[in-house]
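Have a look at the structure below before the remarks.
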Amino acid sequence: MEKIENQRLKRQKEIVMHSEFVSLAVIAFISAVIPMVAKSIPRRLVPETVLLLLAGSLLGPHGFHIIDSHADSIHMLSEMGCALLFLLAGFEIDPKSVTGEDGRHGLYTWIVTFILAVGAAMAVPIFAQGREGILATALLLTTTALGTLMPILKERGLMGTRIGDLILSYGTWGEVAVVLCVAVLLSTRATWQTAAILGGLFLLCVWIALMGSKSVKDGNALYKFLDSKAGASSQTPVRVTLLLLILLVTFSAVFELDIVLGAFAAGFVLRYIIPTGSHALETKLEGMAFGFFIPLFFTVSGCTVDLKKVAAMPGYLITFIAALVLVRSIPIIVSLSFRKSTRKEISLHNRTSIALYCTTALPLIVAITGIAVRQHLMHEDVASVLIAAGALTIFLMPFLGSILYHVVDSDPISAIKEILHSPSELPEIFHEHVHIMNKHFKEEQLQHAIWKCNRVASLKDSLRRIENETERNMMYKLAAKHLRELENLQEKSLQERQQLMIRQYAEMDKLYHAYHNGDIPTLLEWEKMMGYDQEEPATQRR
606 MEKIENQRLK
616 RQKEIVMHSE
626 FVSLAVIAFI
636 SAVIPMVAKS
646 IPRRLVPETV
656 LLLLAGSLLG
666 PHGFHIIDSH
676 ADSIHMLSEM
686 GCALLFLLAG
696 FEIDPKSVTG
706 EDGRHGLYTW
716 IVTFILAVGA
726 AMAVPIFAQG
736 REGILATALL
746 LTTTALGTLM
756 PILKERGLMG
766 TRIGDLILSY
776 GTWGEVAVVL
786 CVAVLLSTRA
796 TWQTAAILGG
806 LFLLCVWIAL
816 MGSKSVKDGN
826 ALYKFLDSKA
836 GASSQTPVRV
846 TLLLLILLVT
856 FSAVFELDIV
866 LGAFAAGFVL
876 RYIIPTGSHA
886 LETKLEGMAF
896 GFFIPLFFTV
906 SGCTVDLKKV
916 AAMPGYLITF
926 IAALVLVRSI
936 PIIVSLSFRK
946 STRKEISLHN
956 RTSIALYCTT
966 ALPLIVAITG
976 IAVRQHLMHE
986 DVASVLIAAG
996 ALTIFLMPFL
1006 GSILYHVVDS
1016 DPISAIKEIL
1026 HSPSELPEIF
1036 HEHVHIMNKH
1046 FKEEQLQHAI
1056 WKCNRVASLK
1066 DSLRRIENET
1076 ERNMMYKLAA
1086 KHLRELENLQ
1096 EKSLQERQQL
1106 MIRQYAEMDK
1116 LYHAYHNGDI
1126 PTLLEWEKMM
1136 GYDQEEPATQ
1146 RR
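In our numbering, the protein residues as written are 606 to 1147.
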């Protein structure tokens, strides 16, 4: 009898294992195909993340049930993808963007946002019930999906720009502050117990960060060993990074904190140890994370969305997105507008663009709705709708943000609209747009300089591993030649674009004056009028 029972259990395990491998194969297929689908969409309007979520919803338990998202192994791999997503997000953030002036304003704005969100949740308590339900709803309305935003910002060339820096400064608090509040406000423990656990996590992070930083600065034997093994088959630096991640995530899981907190902390610690970053290490981590684990996380997250229930509750979907815009976006616009530096430095278009990017939400919506459902604060159907709303913001907010950002980039078109609205202010409009144009060129030069520095650092790392001195020197000269050629190409491109825009402005100015009985300036006169004879543009003309 016992033998028969053992055989039955063995068959059940084999069936489960077969189901898990089928699910894994389907997810791997989705991960490979989605980039091709995203590229085929005109202007790549739909981010890959949205397509992964949609695929998970269609093929998961609420769709064709091909993916078994409830399997323990699939769930574990998904949690690892979430952890890597937030590790990379934390590693990308410069501590100065959190503790500096921008970071302080980001924190103050988040506090105001949270107060407004609590008021909104109390006024319209339709998503969750009770005091904890109101707090959960408020936290849902103040989150920013920074980990999800990172690849979008990189793809659109915003990383390293002033706009990108402000998105990180304001968005980081929409991630970090929410995670901390979830641990404190939605915990079933006493407040002092939660505070003690968070204090323990903080001390552990500080100890690891100080030890690692000292090792790098002193160049001791451990650091030399790790550096020597960076390109070897053992890939020791990657293994040590994963050890750090898993250690802090395990701490969070054991003490029933959200694993996002541990993953974010691991990213911050790694950034403190390597303040200038490591192109080689980051490339390897991104290859592993975005190649497999992160697409799996988003696909499995999509499996929790029941599209039928979402379609049956459109009012909840629209209400939540509208509340996100009112509670999260508007305070950020107001904050950027009240600050003297950002008001003068950044146009209203771009302030709105920053706010919309910061209103992107999802991973923490999945976490918070899961907690709310487990604590019977929220119905599963409502949670499914809110997750769908979070997925929609990943498409909608960056799309609207990019439209507003590109309106400012398309200076001649934007200038025409403003001139038609206020014809008497033509000189002021031209001056403002020329100033914006020059700022964009300077930002591009800065981005190129950062890219060049990263390439040089990566080159030095690679050259140190070439044992033959003659080969190493020849490779260095060849790489330097290629960098000079790329730099010349970049300068030439900027010059041609700037001359094109100068000509476009001059033609617009001539046409306007021709129909308004004004003098028609020549191109040289127009350049002089705009101050080009006194101030050199972003790229020197030859």
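Glycine included, each C-beta is placed from N, C-alpha and C at the ideal position.
For residue i, report the span of its alpha helix (DSSP H) as first-last.
| i | result |
| --- | --- |
| P880 | Careful: P880 lies outside any alpha helix (DSSP H) and carries neither H nor E. |
| G955 | Note that residue 955 corresponds to Asn in the displayed sequence, not to Gly. First-last of the alpha helix (DSSP H) with N955: 953-963. |
| I899 | 899-907 |
| A743 | 735-745 |
| R979 | 968-979 |
| S942 | 935-943 |
| G817 | 796-823 |
| M727 | 706-728 |
| I757 | 751-760 |
| I923 | 919-929 |
| T748 | T748 -> no alpha helix (DSSP H), and no H or E assigned at all. |
| V845 | 841-859 |
| H670 | Note, H670: premise wrong, no alpha helix (DSSP H); not H, not E. |
| E1072 | Element bounds for E1072: n/a, residue is neither H nor E. |
| R649 | It is not in any alpha helix (DSSP H) - R649 carries neither H nor E in the DSSP assignment. |
| S833 | 826-833 |
| V783 | 767-790 |
| G896 | Here G896 belongs to no alpha helix (DSSP H), and DSSP marks it neither H nor E. |
| H680 | 677-697 |
Can you tell which of the options has its C-alpha closest to the C-alpha of residue i?
| i | options | result |
| --- | --- | --- |
| L982 | S818, L791, G695 | L791 |
| S1007 | V843, K1086, A795, I757 | I757 |
| G735 | M681, A977, G779 | A977 |
| K914 | H623, G668, A927 | G668 |
| E985 | D707, I937, L912 | L912 |
| R844 | L831, T855, F856 | L831 |
| E780 | K945, H675, G708 | G708 |
| V990 | H710, I923, T957 | I923 |
| I679 | A960, L886, V631, A871 | V631 |
| A1085 | T1075, R1108, V1061, E1076 | V1061 |
| T841 | F719, P919, L886 | L886 |
| S628 | P647, S645, D677 | D677 |
| D770 | S702, E684, E891, F807 | S702 |
| V859 | F897, L806, L890 | L806 |
| T799 | S883, E861, T855 | E861 |
| S636 | G661, P647, I646, S645 | G661 |
| I813 | A801, L853, D823, G824 | L853 |
Does the distance from the C-beta atom of residue i to that of residue j stay below 8 Å?
| i | j | result |
| --- | --- | --- |
| T888 | T749 | no |
| T998 | L929 | yes |
| L689 | A894 | yes |
| V905 | A993 | no |
| A733 | A741 | yes |
| L773 | I672 | no |
| L901 | G686 | yes |
| C786 | V874 | no |
| S940 | T704 | no |
| I878 | S818 | yes |
| P968 | V717 | no |
| L1150 | W778 | Only positions 606 to 1147 of the chain appear in the structure, and residue 1150 is not among them; the question remains open. |
| G762 | C963 | no |
| G872 | A694 | yes |
| S942 | L1009 | no |
| L650 | F1004 | yes |
| R767 | E950 | yes |
| A726 | D863 | no |
| P700 | R876 | yes |
Whole-angstrom Cβ separation of residue i and residue j, contact assumed at under 8 Å?
| i | j | result |
| --- | --- | --- |
| A826 | L850 | 24 Å between Cβ atoms; not a contact. |
| L682 | G907 | Rounded, the Cβ-Cβ distance is 15 Å, inconsistent with contact. |
| L1091 | Y1081 | L1091 to Y1081, Cβ: 16 Å. No contact. |
| L803 | A782 | Actually they are not in contact, since the Cβ atoms of L803 and A782 sit about 13 Å apart, beyond 8 Å. |
| H710 | R944 | 6 Å |
Can you list, in chain order, the residues of its chain with a C-beta nearer than 7 Å to that of residue i? Leave out the 5 residues immediately preceding and following it.
| i | result |
| --- | --- |
| A722 | A743, L746, T747, V932 |
| E653 | I639, P640, A643 |
| N1078 | none |
| V655 | A996, I999, F1000 |
| E1140 | Confidence in E1140 is poor, its pLDDT being 45 and thus under 50, which makes the residue's placement unreliable; the coordinate value appears in the next sentence. Same-chain partners within the cutoff: there are none. |
| R1146 | Because the pLDDT of R1146 is 38, which lies under 50, any placement of that residue in the model is unreliable, and the number read from its coordinates should be weighed accordingly. Closer than 7 Å at the Cβ level, and outside the excluded window around R1146, lie Q1100. |
| F719 | A743, T747 |
Grab me the residues of residue i's own chain with a C-beta within less than 6 Å of its C-beta, minus the 5 sequence neighbours each way, in chain order.
| i | result |
| --- | --- |
| F691 | G752, V865, A868, F869 |
| A988 | T974, V978 |
Tell me which residues share the same chain as residue i and place their Cβ nearer than 8 Å to its Cβ, disregarding the 5 neighbours each side in the sequence.
| i | result |
| --- | --- |
| M622 | none |
| V821 | Y828, I878, I879 |
| V784 | D863, V865, L866, F869, L969 |
If we define contact as Cβ-Cβ less than 8 Å, is residue i a contact residue for chain B?
| i | result |
| --- | --- |
| L771 | Chain labels in this structure do not include chain B; a single protein chain is all it has. |
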